[in-house]
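Q: Could you have a look at this structure, given as structure tokens, before my questions?
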Amino acid sequence: MSRYFQDRATGQNKKLRTRSVLFDSALVMFSQDGISNTRLEDITRHAGMANATFYNHFKDKDELIQALALAMAMELLGSIEERLVDLIDMPTIVVAANTLMMNAVFEQKSWGTFLAQSFYLVPPSYASVAHSMKDIFNVGVEQGSFTVILDEFQMDQINSVVLSGLRKLDHHGGESLIDRTSENILRLLGMSAVSISLAVDKGRAFIR
Amino acid sequence: MSRYFQDRAIGQNKKLRTRGLLFDSALVIFCKQGISNTRLEDITQYAGIANATFYNHFKDKDEFVHALAISIVLELLKPLEGALVEIKDAAIRIVVLTNVIMNTALKQELWGTFLAQSFYIVPLRILVPAGLSRHLDASTRLKAIIDSGVEQGSFSIISDRFQMEQVSSVLLSGLRRLGKGDVNIIDRTSENMLRLLGVSSVNARLAVSKAQAFL
Chain A
266 MSRYFQDRAT GQNKKLRTRS VLFDSALVMF SQDGISNTRL EDITRHAGMA NATFYNHFKD
326 KDELIQALAL AMAMELLGSI EERLVDLIDM PTIVVAANTL MMNAVFEQKS WGTFLAQSFY
386 LVPPSYASVA HSMKDIFNVG VEQGSFTVIL DEFQMDQINS VVLSGLRKLD HHGGESLIDR
446 TSENILRLLG MSAVSISLAV DKGRAFIR
Chain B
1114 MSRYFQDRAI GQNKKLRTRG LLFDSALVIF CKQGISNTRL EDITQYAGIA NATFYNHFKD
1174 KDEFVHALAI SIVLELLKPL EGALVEIKDA AIRIVVLTNV IMNTALKQEL WGTFLAQSFY
1234 IVPLRILVPA GLSRHLDAST RLKAIIDSGV EQGSFSIISD RFQMEQVSSV LLSGLRRLGK
1294 GDVNIIDRTS ENMLRLLGVS SVNARLAVSK AQAFL
């Protein structure tokens, strides 16, 4: 079992440490049995705690799924934001951010599948994340790089492409898959083929 | 509860009638509390049948979700029979396919939600159920259209499983949002699918308006 969340909770209070054990255990069970086939008891047994302890933290499985997805999204974004402060060109930022994010997910086996599954099973809890994404894209619209209407619907379409990419990543991995996901995001933002390949090159160059 | 699958099983044998009842019941429960939070007992209780009866038909919840997803996809594709025969332009075929599928789903309000939820539980290959005619299944059909578009020179992409899944995910995201009050949702989903196939925004919009003649 990866101790990702437990490692981050070291030295924190008891509540956060217990949550982190539940997060790590849940990920193991979810990737082994699938989210829908996993019962709460499977998770608590793997975590070595009583069912009652689970209910001190979460109402039900869906609430755990939401909390876990949010925790992952925060981990992913936190590491990305500071690396992009020097960039101005929006398409390049989108490529760089997507590449960093997908690389980070790839390092944590099973995050991609979980994020993709949970997005469709449970309404995402990371509305704040989606909002900051939308803010970034809107700057691109103002700059004239993106030519689409950026409403909730279009954001959902873009999200679904990112998540489909994340899911494939768990099975295959590889730079080309990450670049192709970036290309598809930019396509949904209304960019032309020429501008897209330029942006992908620039985004890649920045990360290296 | 919609009696969609029960209605289609009228006059069929007992086995199919029970499946019809389980399908209709499950859709209600799944959409109310989510696939992941639903236990088999919730479904059988709602359907008014014994748990043991469920296991005469399905091994577990995943197998059941598979079966329901396949049945719905088949129903969505039925109206497509013949609809694409006269259309040569691959971009227009994509728009017509999307319209037919989404309009059919629109009449059954729970289908879109269920399909989107089940998409990441059930692998994409369920769209190619074993024993089904190759012409009937969704992914072979979508692939054929995409390949012809690449040949015609209107789609400038690599036509492989990855791109197929990206395009499918956009269609499912559209299905999930049906009935949520977005404007022009079907046209916008078609446009986004075409964008992912390498069609420019202008040409995507053109294909959507040309397709009206066939709808």
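As given, the protein sequences belong to chains A and B, one line each in that order.
Start counting the first sequence at 266; every next residue gets the next number (the working numbering).
Start counting the second sequence at 1114; every next residue gets the next number (the working numbering).
Beta carbons are placed, not taken as given, at the ideal position from N, Cα and C, and that holds for glycine.
Bear in mind that the values here come from a model prediction, so they are computed numbers and not experimental data.
Within the same chain, show all residues whose beta-carbon is closer than 7 Å to that of residue 268 of chain A, passing over the 5 residues directly before and after it, in chain order.
A: Cβ within range, chain order: 289.
Q: Interface residues of chain A around residue 1283 of chain B at Cβ under 7 Å?
A: Under the 7 Å cutoff, chain A gives 422, 425 and 426.
Q: Within a Cβ cutoff of 8 Å, which residues of the same chain sit near residue 387 of chain A, ignoring the five residues on either side of it in sequence?
A: Excluding positions up to five away in sequence, the list reads 327, 330, 331 and 334.
Q: Helix, strand or coil: how does DSSP classify residue 425 of chain A here?
A: In the structure shown, residue 425 of chain A sits in a helix (DSSP, three-state: H, G or I).
Q: From residue 1289 of chain B to residue 287 of chain A, what distance separates their C-alpha atoms?
A: Their backbone Cα atoms lie some 30 Å apart in a straight line.
Q: Is there contact between the segment 360–380 of chain A and the segment 271–283 of chain A, where contact requires at least three CB pairs shorter than 8 Å?
A: Output reads no: the segment 271–283 of chain A does not touch the segment 360–380 of chain A.
Q: Roughly how many angstroms separate the alpha carbons of residue 432 of chain A and residue 1322 of chain B, rounded to a whole number?
A: Rounded to whole angstroms, residue 432 of chain A to residue 1322 of chain B spans 34 Å at the Cα level.
Q: Go to residue 1156 of chain B, then tell me how far its alpha helix (DSSP H) extends in each direction, as first and last residue.
A: Taken as a continuous stretch (DSSP letters only), the alpha helix (DSSP H) holding residue 1156 of chain B covers 1153–1160.
Q: Say whether chain A places a C-beta atom closer than 8 Å to the C-beta of residue 1128 of chain B.
A: Not one chain A Cβ lies under 8 Å of residue 1128 of chain B.
Q: So, are the CB atoms of residue 1178 of chain B and residue 1156 of chain B less than 8 Å apart?
A: Contact flag unset, no.
Q: Report the rounded CA-to-CA distance for residue 384 of chain A versus residue 1123 of chain B, giving the unit in angstroms.
A: Near 37 Å, if we compare the C-alpha coordinates of residue 1123 of chain B and residue 384 of chain A.
Q: Going along the chain, which residues of its own chain have a beta-carbon closer than 6 Å to the beta-carbon of residue 1219 of chain B, five neighbours each way excluded?
A: Cβ within range, chain order: 1291.
Q: Comparing the C-beta of residue 1278 of chain B with each C-beta of chain D, is any distance below 8 Å?
A: Judged by its chain identifiers, the structure shown contains no chain D, and its protein chains are A and B.
Q: What residues in the segment 438–449 of chain A have a beta carbon less than 8 Å from any beta carbon of chain B?
A: Going along the segment 438–449 of chain A in chain order, one finds 442, 445, 446 and 449 with a Cβ nearer than 8 Å to chain B.
Q: Within a Cβ cutoff of 7 Å, which residues of the same chain sit near residue 366 of chain A, ignoring the five residues on either side of it in sequence?
A: Result list for residue 366 of chain A: 341 and 345, in chain order.
Q: Check the C-beta distance from residue 1138 of chain B over to residue 1163 of chain B and give it rounded, since I have them as a contact under 8 Å.
A: The Cβ separation is near 13 Å, so there is no contact.
Q: Which of the residues in the segment 289–322 of chain A, read from start to end, lie with their CB under 7 Å from any CB of chain B?
A: The residues in question are 299, 300, 301 and 302.
Q: Determine the DSSP secondary structure at residue 473 of chain A, reduced to helix, strand or coil.
A: Coil, per DSSP.
Q: Take residue 1287 of chain B as the anchor and find which of B:1168, B:1317 and B:1215 has the nearest alpha-carbon.
A: Minimum Cα distance to residue 1287 of chain B is reached at B:1215.
Q: Any beta carbon from chain A within less than 8 Å of residue 1331 of chain B's own beta carbon?
A: Residue 1331 of chain B falls outside the range modelled here, since chain B spans only 1114 to 1328, and no answer is possible.
Q: In the structure shown, what three-state DSSP assignment does residue 320 of chain A receive?
A: Residue 320 of chain A falls in the helix class under three-state DSSP.
Q: Quick check on residue 1148 of chain B - is its C-beta less than 8 Å from some C-beta in chain A?
A: It does; some Cβ of chain A falls within 8 Å.
Q: Grouping DSSP H, G and I as helix and E and B as strand, with all else coil, what is residue 1294 of chain B?
A: Three-state DSSP puts residue 1294 of chain B in coil, outside helix and strand.
Q: Which same chain residues, not among the five before or five after residue 461 of chain A, have their C-beta less than 8 Å away from its C-beta?
A: Cβ neighbours of residue 461 of chain A beyond the five flanking positions: 356, 448, 451 and 452.
Q: Verify the CB distance criterion: does residue 1275 of chain B have a CB-CB separation below 8 Å to chain A?
A: For residue 1275 of chain B, the answer is yes, since a Cβ of chain A falls inside 8 Å of its Cβ.
Q: Between the Cα of residue 446 of chain A and those of B:1301, B:1280 and B:1299, spot the shortest distance and give me the residue it belongs to.
A: When each option's Cα is compared against that of residue 446 of chain A, the closest is B:1280.
Q: Residue 376 of chain A: which of A:398, A:463 and A:293 sits nearest, CA to CA?
A: When only C-alpha atoms are compared, the closest one is A:293.
Q: What does residue 1298 of chain B reach in chain A if we use C-beta pairs closer than 9 Å?
A: Those are 418, listed as they occur along chain A.
Q: Work out the CA separation of residue 1327 of chain B and residue 429 of chain A for me, nearest whole Å.
A: Taking the straight line from one Cα to the other gives about 31 Å.
Q: Answer yes or no: the CB of residue 473 of chain A versus the heavy atoms of the ligand SAH, is any distance below 7 Å?
A: With respect to the ligand SAH, the structure offers nothing, as it holds no ligand at all.
Q: Below 9 Å on C-beta distance, what does residue 468 of chain A contact in chain B?
A: Within 9 Å Cβ-Cβ: nothing; residue 468 of chain A doesn't reach chain B, min ~18 Å.
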